[in-house]
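So the structure is just underneath, and the comments pick up after that.
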DNA sequence: AATAATTTTTAGATTTACCTAAAAATATAA
DNA sequence: TTATATTTTTAGGTAAATCTAAAAATTATT
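Structure follows, in structure tokens:
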């Protein structure tokens with residue numbers, strides 16, 4: 002059984018590994034809000050326990066054991082987020098920090114019953130897939146809104162940024178999960194995007210458009 | 002903000018203080034499953050932080066600050082137990098360990114919304130009162146079943162032992178919260194008690210009878 | 001390829017919560 | 001009231017996760 006801290010390292014390595022297979026010490030340090038020297042220490046420990054493969058100066062990769070452990074934490078995190086939003090009426094921008102604590106509660110029975118209580122949800126309030134109890138989940142391959150062309154249509158199905166500020170902003174613009182959108186224009190000047198949503202025309206910055214995920218349903 | 006461990010100490014001191022005002026080092030050590038020397042260390046720390054009053058060799062008492070912190074943890078523990086039983090279909094003998102972890106999640110919003118979601122319950126699955134968000138709760142002064150006399154009647158409203166073994170035993174005997182009972186006999190030989198419950202006659206040991214709490218509704 | 005910049009690791013400390021063993025204080029019994 | 005037993009504290013140490021500062025390895029630049 003891993004400690005609270007070990008679990009956080011595993012989770013962060015897992016997420017970083019979604020981008021680059023070999024995860025660097027500095028990247029982990031930044032995410033963990035700690036110093037590279039501390040990361041090196043922990044990496045050695047995780048390697049000793051068989052959670053990661055580690056070659057000095059070459060970064061780490063998760064072993065199968067490490068990946069499973071990480072997916073288990075991600076599963077818990079996302080299920081708790083669904084609970085907070087669906088049952089306790091939290092907003093999607095309020096759940097992250099609390100779920101960050103809840104994900105470390107160790108009880109298989111608890112998480113399986115919670116899953117059932119929530120109706121075996123497939124995704125969390127931010128559109129991220131929830132692994133089932135065997136760690137399996139659909140690899141969601143969504144398009145970033147920024148990559149769409151004029152006249153493309155689609156449904157908002159996720160976000161790639163979970164900060165409260167970003168999510169509140171989307172909320173205010175009405176850009177929530179499930180909404181239909183269509184690209185009406187792309188501004189040459191700053192790359193901002195004009196979109197049509199619920200009959201209204203709105204303008205969103207490149208930065209925002211980068212972090213909205215769309216499941217495309219073809220062209221107009 | 003207190004650490005996980007500090008919270009456990011406060012909770013245990015609080016419970017021990019229900020019996021004797023001055024809580025002894027050894028008693029805390031036993032409950033915390035640790036050594037008296039470690040307790041002395043922690044007591045000093047809690048005293049420094051203003052959670053307890055401490056005189057060397059004289060044990061500790063909680064300050065108001067300490068008491069409030071402890072009640073807050075008890076509130077969380079009991080609300081989570083209600084959640085586990087009412088919403089996730091846990092049995093009353095399965096909830097203690099998980100609630101022991103959940104009680105340390107730090108979020109006032111979470112606990113207030115959970116309270117509301119559960120319908121502001123007044124007591125937990127073992128009959129223990131749940132403090133409200135201001136720390137207030139009814140002082141339940143129940144009679145132990147063992148103290149009842151022949152022909153006394155009452156309702157099972159609590160237990161003073163939360164071990165899984167004990168609770169499972171009660172379950173099997175049908176001795177659950179809300180059940181009406183009447184004392185039909187007390188055995189001279191071993192002090193065991195004959196009771197009438199749901200039309201049936203059953204015999205329970207002194208040890209069991211000591212830990213069942215009854216709200217008495219007068220004599221027959 | 002040599003130099004500079006960056007990244008990573010090592011070495012040695014710190015903090016928290018725990019430990020053992022021994023000393024000191026308090027409570028109990030002869 | 002002295003001796004014995006119990007309780008509590010002190011002293012000194014350990015393991016986990018962190019830190020700073022300096023050294024080593026890798027990567028990028030001229």
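Chains as they are written, first to last, in my numbering: chain A, 2 to 221; chain B, 2 to 221.
We put the beta carbon where it would ideally sit given N, CA and C, even for glycine.
| query | result |
| --- | --- |
| Closer than 9 Å at the beta carbon, the chain A residues around residue 106 of chain B | 99, 102, 103, 106 |
| Contact the stretch 75-86 of chain A vs the stretch 33-42 of chain A: 3+ CB pairs below 8 Å | no |
| Residue 178 of chain A in three-state terms, based on DSSP | coil |
| Proximity test, Cβ basis, 8 Å: residue 90 of chain A and chain B | yes |
| Pairwise C-alpha distance: residue 39 of chain A and residue 171 of chain A | 36 Å |
| Proximity test, Cβ basis, 8 Å: residue 111 of chain A and chain B | yes |
| Boundaries of the beta strand (DSSP E) in which residue 195 of chain B is found, first to last residue | 194-198 |
| Contiguous beta strand (DSSP E) assignments of at least 3 residues, all confined to the stretch 10-78 of chain B | 53-55, 61-63 |
| Contact with chain B by residue 76 of chain A, beta-carbon distance below 8 Å | no |
| CB contact check: residue 214 of chain A to chain B, cutoff 8 Å | no |
| Residue 220 of chain A at chain B interface by Cβ criterion, 8 Å | Note on residue 220 of chain A: pLDDT 46, under 50, position unreliable in the model; no value is reported. |
| Residues in the stretch 109-138 of chain A having any Cβ partner in chain B nearer than 7 Å | 111, 114, 115, 118 |
| Range covered by the alpha helix (DSSP H) that runs through residue 109 of chain A | 109-118 |
| Through-space distance from residue 214 of chain B to residue 145 of chain B, alpha-carbon basis | 5 Å |
| Separation of residue 59 of chain B from residue 52 of chain A, as counted between CA atoms | 48 Å |
| Whole-angstrom distance between residue 103 of chain A and residue 134 of chain B, CA atom to CA atom | 21 Å |
| Alpha carbon of residue 24 of chain A to alpha carbon of residue 175 of chain B, nearest angstrom | 57 Å |
| Residue environment, residue 26 of chain B, which counts as buried when at least 16 other CB atoms sit within 10 Å | buried |
| Identity of the residue in A:184, A:126, A:7 nearest residue 201 of chain A by Cα | A:184 |
| Contact belief for residue 97 of chain A with residue 161 of chain A at Cβ below 8 Å, rounded distance in angstroms | That pair is no contact at about 14 Å. |
| Anticipated Cβ contact below 8 Å, residue 10 of chain B with residue 29 of chain B, distance rounded | 7 Å |
| Pair within 8 Å by beta-carbon distance, residue 111 of chain A and residue 86 of chain B | no |
| Candidates B:165, B:73, B:147, B:164: closest to residue 217 of chain B by CA position | B:147 |
| Three-state secondary structure assigned by DSSP to residue 153 of chain B | strand |
| For residue 1 of chain A: DSSP bridge partner residues | As displayed, chain A neither begins before 2 nor continues past 221, which places residue 1 of chain A out of reach and without an answer. |
| Secondary structure of residue 89 of chain B, DSSP reduced to three states | coil |
| One or two residues paired with residue 128 of chain A in a DSSP bridge | DSSP lists no partner for residue 128 of chain A. |
| Proximity winner among A:62, A:198, A:136, A:44, relative to residue 109 of chain A (alpha-carbon distances) | A:136 |
| Span of the beta strand (DSSP E), counted from its first residue to its last, around residue 211 of chain A | Segment 207-211 is the alpha helix (DSSP H) holding residue 211 of chain A; no beta strand (DSSP E) there. |
| Beta-carbon separation (whole angstroms), residue 105 of chain A vs residue 5 of chain A, contact threshold 8 Å | 5 Å |
| Residues near residue 188 of chain A by beta carbon distance below 6 Å, same chain, minus five either side | none |
| Under the three-state DSSP convention, the category residue 158 of chain B falls into | strand |
| Sequence-distant residues of its chain with Cβ nearer than 7 Å to residue 19 of chain B (five each side left out) | none |
| Where residue 201 of chain A falls: helix, strand or coil (DSSP) | strand |
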